[in-house]
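Counting in this note's numbering, the sequence shown runs from 571 upward without gaps.
First comes the structure, then the notes that go with it.
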Amino acid sequence: MAGFEARLAELGIELPDVAPPVAAYVPTVATGSLVYTSGQLPFVAGALPATGKVGDGHGLVPADDAKAYARTAVLNALAAVRAEIGSLDRVTRIVKLVGFVASDAAFTGQPGVINGASELLGEIFGDAGRHARSAVGVAVLPLDSPVELELVVEFA
Numbered sequence: 571m572a573g574f575e576a577r578l579a580e581l582g583i584e585l586p587d588v589a590p591p592v593a594a595y596v597p598t599v600a601t602g603s604l605v606y607t608s609g610q611l612p613f614v615a616g617a618l619p620a621t622g623k624v625g626d627g628h629g630l631v632p633a634d635d636a637k638a639y640a641r642t643a644v645l646n647a648l649a650a651v652r653a654e655i656g657s658l659d660r661v662t663r664i665v666k667l668v669g670f671v672a673s674d675a676a677f678t679g680q681p682g683v684i685n686g687a688s689e690l691l692g693e694i695f696g697d698a699g700r701h702a703r704s705a706v707g708v709a710v711l712p713l714d715s716p717v718e719l720e721l722v723v724e725f726a
C-alpha cells in the first residue's frame, strides 16, 4: 500500500519535528529493511503535556489522558522514522510496537493506554499497521513521562 503521507494529510495529522535525544543515543537506526526507533516520549513543542504515574485517583494521570499521550508518542516515533527513510510512503509494515506505561501499583490497564498508539497506526497504515505489541507497566520513565514507545518498522 502506498499513500501513507496522503493518509496523514487526509486525517489532518502533521508530524512534529524529531525530538532531539536527551542522552547518548540516536533517534533511529536503520539496518537492512528495518528501522528501530529509540524510546519516544509524548513531547509536544518540546515539553511533556503531563508527568507522573498512570492510574485512578488524585495526583495520577488518568488512563484516557495517557492513551492520548501514547498517540502523541507514536506520532513522534513516526516523525523519526520519516526522518530516517525520507517518506512514510516507503513503509511496508509496522512490525512491532513496545509501549511502557509509568503505572501506579494498582493500575493494570496498560494495554488500553497503548491502544492509543495502536489504533492510530491502524488508521494511518491499514493492514500494514497491524503489529506485534508489548504493553508494559513500569515504576518510572525518563523525565517522569507517563508513557514511552518504541517502533520497529519495515520499509522498501
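Just so you know, even glycine gets a beta-carbon here, dropped at the ideal spot from N, CA and C.
- CA-to-CA, the gap between GLY699 and ALA687 works out to about 10 Å.
- Going by beta carbons, VAL668 and SER704 fall inside the 8 Å limit.
- Excluding residues up to 5 positions away in sequence, VAL624, GLN680, VAL683, GLY707, VAL717 lie with their Cβ nearer than 6 Å to the Cβ of VAL671 in the same chain.
- A residue is called buried when at least 16 other Cβ atoms come within 10 angstroms of its Cβ; HIS701 meets this threshold and is buried.
- A direct Cα-Cα distance of roughly 31 Å separates GLY602 from VAL614.
- Approximately 7 Å separates the beta-carbon atoms of PRO712 and VAL592; this is inside 8 Å, confirming the contact.
- GLU654 is classed as buried because its beta carbon has at least 16 other beta carbons within 10 Å across all chains shown.
- Annotation: the continuous beta strand (DSSP E) that includes ALA672 extends over 661-672.
- For ARG700, there is no enclosing alpha helix (DSSP H), as DSSP marks it with neither H nor E.
- The beta carbon of LEU611 sits closer than 8 Å to the beta carbons of ALA589, LEU618, ALA643, ASN646, LEU711, PRO712, LEU713, SER715, VAL717, GLU718 from its chain, once the five residues preceding and following it are set aside; these are given in chain order.
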